[in-house]
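**Q** Starting off with a structure, shown below.
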Amino acid sequence: MNWEQALKDYRHYLRIERGLAVNSLENYSLDVKKLMLFLKERSISFSPATIPAEVVQQFIYETAKEVNARSQARILSGLRSFFNYLIFEDYRKDNPMELIESPKIGRKLPDTLSQEDIDKLIATIDLSTPEGERNRAMLETLYSCGLRVSELTALKISDLFFDEGFIKVTGKGDKQRFVPIANATQKLIDIYKNEVRVHITTQKGHEDILFLNRRGKQLTRAMIFTIIKRLAEKTGLHKNISPHTFRHSFATHLLQNGADLRAIQQMLGHESITTTEVYMHVDRSQLAEVVHKYHPRSLGEAGAEPFD
């Protein structure tokens, strides 16, 4: 098996068996392509089934000079996955990545906005324009439902189940989940849908898309970034924010107000609870307060004698 065929089969496996989204598929493929380019430039002729750990280590060493620790860790993860696939398909017996350690990187904490910051951003929107009504409904949906930007742009009118108080969200790997939506956010969507969107000439194939641009097409991710960036500048908010900041703020504010981490995991569409646990950083003082308020030893301080 040559590298081109191995990569083609691997991509098919990732798409069909693991159900990865296009962006994830391309990222995994890029890691393998970087290794392929390294071998080609140095006229190294090992196949995917025979490449030894020493050669992969050499590639990692050269790569480490050009990328930061986080990018290096991602490449290592991608290559581990590729070689594990080859083992799964019986193309090789070992994973050459086994003895290669990932660089230690600090866990990046998500940026968040306060409730006041979000209110200021939304209050800055010019509601005298059709785009203003749309933008207000979009940002409220981002914050109210904790959506990814791709989930927001792909949201359909047929995904709105307002009578039940939910919207249907299609996330990574085309996995669907139902997320509660606040009554106030429902009303803003209805205003946009019934008073603004009805006057837009919808392009073919975009009839069911909820949020449209002036030409009647689905908004791009880049456009959502631009809208938020301009609002932040107009508000005078000196923070590096993006659509994802609203998602982080959604999860953080729920946790601060006592929501269960498992419930937050389901609403965010995280496969693993460990992904959601990053939000546990938000307010360590709250954790201490819980212990002081509810733990028997702390309760003993008020009345009973504590143990030595």
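Here full-length UniProt numbering is used: the first residue of the sequence shown is 1, the next is one more, and so on. No residue lacks a Cβ here, since even glycine has one placed at the ideal position from N, Cα and C. Source: prediction; values computed, not measured.
#1: State the start and end residues of the unbroken beta strand (DSSP E) segment that holds Lys193.
#2: Straight-line CA distance for Thr63 to Gln72?
#3: Going by the beta-carbon positions, is the gap between Arg136 and Leu127 smaller than 8 angstroms?
#4: Classify Gln176 as helix, strand or coil using the three-state DSSP reduction.
#5: Quick check on DSSP: helix, strand or coil for residue 310?
#6: On a Cα-Cα basis, can you pick out the residue from His248, Met267 and Pro48 that is closest to Ile87?
#7: Any idea what DSSP makes of Ile75, helix, strand or coil?
#8: Do the CB positions of Leu254 and Leu121 come within less than 8 angstroms of each other?
#9: For the alpha helix (DSSP H) holding Tyr143, just list the boundary residues, first then last.
#10: Just to confirm the assignment: which complete alpha helix (DSSP H) runs, minimum length 4, are found wholly within the stretch 217 to 263?
#11: Classify Val282 as helix, strand or coil using the three-state DSSP reduction.
#12: Could you tell me which of Arg42, Gln115, Ser81 and Asp90 sits nearest to Gln256, measuring between CA atoms?
#13: Taking the alpha-carbon positions, what's the Val282 to Thr245 distance?
#14: Out of Pro180, Asn194, Arg148 and Thr220, point me to the one whose CA is closest to Arg247's CA.
#15: Are Leu231 and Thr153 closer than 8 angstroms when you measure CB to CB?
#16: For the 8 angstroms Cβ check, are there 3 or more pairs between the stretch 162 to 182 and the stretch 213 to 222?
#17: Near Gln203, what residues of its chain come up, given a Cβ to Cβ distance below 8 angstroms and the 5 sequence neighbours on each side ignored?
#18: Return the chain-ordered ranges of every alpha helix (DSSP H) run that is complete within the UniProt domain "Core-binding (CB)" (1 to 87) and spans a minimum of 4 residues.
#19: Might you give, ordered along the chain, the residues of its own chain that have their beta carbon closer than 6 angstroms to the beta carbon of Thr112, omitting 5 neighbours on each side?
#20: Confirm, please, whether the CB-CB distance from Asn68 to Phe83 is below 8 angstroms.
#21: Could you name the residues that DSSP lists as bridge partners for Phe162?
#22: With distance defined between alpha-carbon atoms, name the residue in Arg197, Ala259, Asp9 and Cys145 nearest to Gly269.
#23: State the DSSP-derived secondary structure class of Ile273, mapped to helix, strand or coil.
#24: Which whole-angstrom value describes the C-beta separation of Glu151 and Gly171, a residue pair presumed to lie in contact below a C-beta threshold of 8 angstroms?
#25: For Leu20 and Asp260, what's the separation of their Cα atoms in angstroms?
#26: So residue 312 is in the alpha helix (DSSP H); what residue range does that whole segment cover?
#27: Within the continuous alpha helix (DSSP H) that includes Lys120, where are the two ends?
#28: Rank Thr50, Leu79 and Lys234 by C-alpha distance to the C-alpha of Tyr28 and give the top, closest one.
#29: Quick one: what's Leu212 bridged to in DSSP?
#30: Whole-angstrom Cβ separation of Tyr85 and Met1, contact assumed at under 8 angstroms?
#31: Could you say which of Ile118, Thr274, Arg221 and Tyr10 lies nearest to Lys239 if we only look at CA atoms?
#32: In angstroms, rounded to a whole number, what distance separates the CA positions of Phe225 and Pro130?
**A** On the basis of the coordinates in this document:
#1: In the sequence shown, counting from the first residue as 1, residue 193 sits at position 193. That residue, Lys193, is in no beta strand (DSSP E); its alpha helix (DSSP H) goes Asn183 to Glu195.
#2: Within the sequence shown, residue 63 is the residue found at index 63, counting from 1. Within the sequence shown, residue 72 is the residue found at index 72, counting from 1. Taking the straight line joining both Cα atoms gives about 7 angstroms.
#3: Counted from its first residue, the sequence shown places residue 136 at position 136. Counted from its first residue, the sequence shown places residue 127 at position 127. For Arg136 and Leu127, yes; Cβs fall inside 8 angstroms.
#4: The count along the sequence shown starts at 1 and reaches residue 176 at position 176. It is a strand residue.
#5: This structure cannot speak to residue 310, because the chain is shown only from 1 to 308.
#6: Along the sequence shown, one-based indexing puts residue 87 at 87. The candidate whose alpha carbon is nearest that of Ile87 is Pro48.
#7: In the sequence shown, the residue the question calls residue 75 occupies position 75. It is helical.
#8: The count along the sequence shown starts at 1 and reaches residue 254 at position 254. The count along the sequence shown starts at 1 and reaches residue 121 at position 121. The answer is no: Cβ separation not under 8 angstroms.
#9: Taking the sequence shown and counting its residues from 1, one reaches residue 143 at position 143. From DSSP, the alpha helix (DSSP H) with Tyr143 extends over Pro130 to Cys145.
#10: 221 to 235 and 243 to 256
#11: Counting from one through the sequence shown, the residue named residue 282 turns up at place 282. Caution is warranted here: a pLDDT of 49 is assigned to Val282, below 50, making its placement in the model unreliable, and no coordinate value can be reported.
#12: For the purposes of this step, residue 256 is identified with residue 256 of the sequence shown, where counting begins at 1. That would be Gln115, whose Cα lies nearest to the Cα of Gln256.
#13: Taking the first residue of the sequence shown as position 1, residue 282 is located at position 282. Taking the first residue of the sequence shown as position 1, residue 245 is located at position 245. Residue placement at Val282 cannot be trusted, given a pLDDT of 49 that sits under 50; what the coordinates show is reported in the next sentence. Their Cα atoms are separated by approximately 14 angstroms.
#14: Counting from one through the sequence shown, the residue named residue 247 turns up at place 247. Selected option, being the one with the closest Cα: Arg148.
#15: Counted from its first residue, the sequence shown places residue 231 at position 231. Counted from its first residue, the sequence shown places residue 153 at position 153. Not closer than 8 angstroms, so no.
#16: no
#17: As a working mapping, residue 203 is identified with position 203 in the sequence shown. Result list for Gln203: Arg215, Gly216 and Lys217, in chain order.
#18: 3 to 16, 22 to 41 and 53 to 64
#19: On the sequence shown, position 112 is the one that residue 112 refers to. Closer than 6 angstroms at the Cβ level, and outside the excluded window around Thr112, lie His248, Ser249 and Thr252.
#20: Position 83 of the sequence shown, counted from the start, is the residue given in the question as residue 83. Position 68 of the sequence shown, counted from the start, is the residue given in the question as residue 68. Not a contact, by the Cβ cut-off of 8 angstroms.
#21: As a position in the sequence shown, residue 162 is number 162, starting the count at 1. Looking at the DSSP output, Phe162 sits in no beta bridge, so it has no partner there.
#22: Your numbering for residue 269 matches position 269 in the sequence shown. Restricting attention to Arg197, Ala259, Asp9 and Cys145, the CA atom closest to the CA of Gly269 is found in Cys145.
#23: Here residue 273 refers to the residue found at position 273 when the sequence shown is read from its first residue. DSSP places Ile273 in the helix class (H, G or I) of the three-state scheme.
#24: Within the sequence shown, residue 151 is the residue found at index 151, counting from 1. Within the sequence shown, residue 171 is the residue found at index 171, counting from 1. Confirmed, about 6 angstroms.
#25: Your numbering for residue 20 matches position 20 in the sequence shown. Your numbering for residue 260 matches position 260 in the sequence shown. Between Leu20 and Asp260, the C-alpha separation is close to 28 angstroms.
#26: Here the chain has residues from 1 to 308 only, and residue 312 is not among them.
#27: Looking up residue 120 in the sequence shown gives position 120. Where Lys120 is concerned, the enclosing alpha helix (DSSP H) stretches over Gln115 to Ala123.
#28: Numbered from 1 along the sequence shown, position 28 holds the residue referred to as residue 28. Checked all of Thr50, Leu79 and Lys234; the closest Cα to Tyr28 is Leu79.
#29: For the purposes of this step, residue 212 is taken as residue 212 along the sequence shown, with counting starting at 1. Answer by DSSP bridge pairing, in chain order: Gln218.
#30: Numbered from its first residue, the sequence shown carries residue 85 at position 85. Numbered from its first residue, the sequence shown carries residue 1 at position 1. Not confirmed; about 12 angstroms, so no contact.
#31: What you label residue 239 is simply residue 239 of the sequence shown in a count that begins at 1. Considering only alpha carbons, the answer is Ile118.
#32: Taking the sequence shown and counting its residues from 1, the one referred to as residue 225 is at position 225. Taking the sequence shown and counting its residues from 1, the one referred to as residue 130 is at position 130. Roughly 19 angstroms separates the two Cα atoms.
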